[in-house]
Structure formats: C-alpha cells, structure tokens
Amino acid sequence: MESSKTQLDLVLKGSGYDIEKEIKAFDESKAGVKGLVDSGIVKIPPFFVVPENVVSSQPTPAHLQIPVIDLKDTHGDPVRHEKVIQEIRSALEIWGFFQVVNHGVSKDIMEGMIEGVRGFHEEKNEVKKEYYTRDVKKKVTYTSNTLIHKTKAADWKDTLYFRMVPDSPHPEELPVVCRETTIKYTAYIRGLGDTLLKLVSEALGLNPDHLIEFGCDKGLKIMCHYYPPCPEPNRTLGKQIPHRS
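For the sequence shown, full-length UniProt numbering gives the first residue as 1, with consecutive numbering after it.
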C-alpha cells in the first residue's frame, strides 16, 4: 500500500503542483513557518496537510495523570528524602517518566527562557536566517522540520536548538535576544539534572553518584519549539504522533 505522502504527491503532480519544488523553496527561504504566517497566507501549503483521519483521531486522554513529584526538602529531611525515592521508583516502574515541582528553578528563570525563545522566533528573518541550517554538527541551529524531505506531512512549527553539553557554544554563538537567559537557564537545569540523576540512582538501589559517574550528566540539548498561528488549524498539527522523547 502506498504511503499517504506518496498518494498526495501523485495527486498534486497530476494537478501540476510540484511538491518537492515547493518544499525546496520553503527551506531555502530560511523563514520557517513564521515566515509563511507573516506573508499573510490564508491556506497552508499542501506539504503541511495531515490526512484527515490522522487529524480527527488525535486522542485527548484527559483522565490520565502523570506522576508529579515534589522535591521540596528532599535534601534536608531524611524521611522526606526516602518518600521521594519511593515515588520516583514507582513512577519509573509504571510510567517511565515523571514531572517535578519545587525543583529549584525559579519561575523568573523559566519565564525568562520562554520569553527569550519567543523573542528569537519573532525576530526579523534577516536575524534568524543566520542560524538556519540542517547541519547537525552545529551547536546552535534554527530550522523548521528537520526531516521535511522525508516526512509524510510537515509539522506546523519552527525550532531553535542548543547543544549546551558537552563542549558548550561560546556565548557569542548564542542569539543576542536569548543569550543571557539561555546561559542562566542551562546552569540551573544542569544542577537540577545532577539532583535527579542522584535520586534516580538511589531509586534503582545504586550509589547516588552512579549515573553521574557513568557519564549521564555529559549531555544537554535544548529544543525550543514555536507554533505560529495557523490559518487552517483543522488541516495540520504542531507535532504528529507517534513521538519519542
């Protein structure tokens, strides 16, 4: 059976529309999805169109409750510490992931990072396009849909990416509008990461430093997605499933 993208290609070619040419033009513009919106489009390009059955079948499991673990007083209270270890162990066994609160990363730091990223994505294209690349070796990149030439339908989003650990980028390599906030955010997240690695190590019945000594703290990538307003939100998605993080 042909894939939905192949079927769409055939239909569009039959109508005289060259989807590969359109994708190439979009990519070479280096303006991303935000650029399409700024141009005033009222219909989305065909390569963003998701099959109707996929759009209409997206589940909304409102009844599901992701484990939320409160890290407050984890270090100063032995009883509280053990309770958190048990909660993490349970979350890992049943879910494989969990959310944390009272983690030490302040609201100002988190909101500052969000505003900085938004500021970048809403910059003039002349500024953003300097970072637009599909070179995975770059430490700082801006792009739209990494696999746009292979995917069945492109996602309605743009992405700013930072590879902060190992071999962090020089501060001058970071966009000016979010440079300071990214550096601060990274420092706090690395600290939180070390805390979580120690707690997870204990939850696994290991020495607290086991995962850090194993090198699990030697990588930090930050992906900052931006979802511009869409003129036809019923025909596309910001992120399609299945998805793995």
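Beta carbons: idealized from backbone N, C-alpha and C, even for Gly.
Source: prediction; values computed, not measured.
Continuous beta strand (DSSP E) stretch holding R163: start and end: For the purposes of this step, residue 163 is identified with residue 163 of the sequence shown, where counting begins at 1. D158 to V165 is the span of the beta strand (DSSP E), which, as asked, contains R163.
Classification of I41 by the beta-carbon crowding that lies within 10 angstroms, buried from 16 upward: As a working note, residue 41 is residue 41 in the sequence shown. With fewer than 16 other Cβ atoms within 10 Å, it is exposed.
Beta-carbon spacing of P175, I183 below 8 Å: Counted from its first residue, the sequence shown places residue 175 at position 175. Counted from its first residue, the sequence shown places residue 183 at position 183. No. Outside cutoff.
Distance, I19 Cα to V101 Cα: As a position in the sequence shown, residue 101 is number 101, starting the count at 1. As a position in the sequence shown, residue 19 is number 19, starting the count at 1. Each residue's Cα considered, the two are about 45 Å apart.
Nearest-angstrom beta carbon gap, P67 and W95 [assumed within contact, 8 Å]: Taking the first residue of the sequence shown as 1, we reach residue 95 at position 95. Taking the first residue of the sequence shown as 1, we reach residue 67 at position 67. Indeed, because the Cβ distance is near 6 Å, the residues count as touching under 8 Å.
Where E207 falls, given that 16 or more other Cβ within 10 Å makes a residue buried: To locate residue 207, count along the sequence shown from 1; it is residue 207. Correcting the residue type first, residue 207 is Asn in the shown sequence and not Glu. Looking at its Cβ environment, which holds fewer than 16 other Cβ atoms inside 10 Å, N207 is exposed.
Rounded straight-line distance, which links the Cα of K138 to that of C224: For this step, residue 224 is matched to residue 224 along the sequence shown. For this step, residue 138 is matched to residue 138 along the sequence shown. Going by the C-alpha atoms only, they are around 15 Å apart.
Candidates T236, A25 and S29: closest to N125 by CA position: Taking the sequence shown and counting its residues from 1, the one referred to as residue 125 is at position 125. Of T236, A25 and S29, the residue nearest in Cα terms is S29.
Same chain, Cβ closer than 6 Å to S201, neighbours up to 5 away in sequence not counted: The sequence position of residue 201 within the sequence shown is 201, counting from 1. Around S201: P208, H210 and L211.
Minimum C-alpha distance to V84 - residue among K21, V136 and L199: For this step, residue 84 is matched to residue 84 along the sequence shown. Of K21, V136 and L199, the residue nearest in Cα terms is L199.
Meets three-Cβ-pair contact criterion under 8 Å: the segment 142–160 and the segment 225–233: yes
Where V49 falls: helix, strand or coil (DSSP): Numbered from its first residue, the sequence shown carries residue 49 at position 49. It is coil, neither helix nor strand.
Reference Y132; option with closest CA among F26, K21, H75 and Y17: As a position in the sequence shown, residue 132 is number 132, starting the count at 1. Closest option to Y132, Cα to Cα, is F26.
Alpha-carbon to alpha-carbon, A203 and I88: The residue labelled residue 88 in the question sits at position 88 within the sequence shown. The residue labelled residue 203 in the question sits at position 203 within the sequence shown. Distance between the alpha carbons of I88 and A203: 6 Å.
Whole-Å CB distance - V177 paired with G116, under 8 Å assumed: Within the sequence shown, the letter at position 177 stands for residue 177. Within the sequence shown, the letter at position 116 stands for residue 116. Right, the Cβ-Cβ distance comes to about 6 Å (below 8 Å), so this counts as a contact.
S149, enclosing beta strand (DSSP E) - first and last residue: Along the sequence shown, read from residue 1 onward, the residue named residue 149 stands at position 149. In the sequence as displayed, the identity of residue 149 is His instead of Ser. Segment: none, H149 is in no beta strand (DSSP E) and carries neither H nor E.
Proximal residues to K218 (C-beta, below 6 Å), its chain only, five neighbours per side dropped: Counting from 1 along the sequence shown, the entry for residue 218 is found at position 218. Excluding sequence neighbours, K218 sits near P166.
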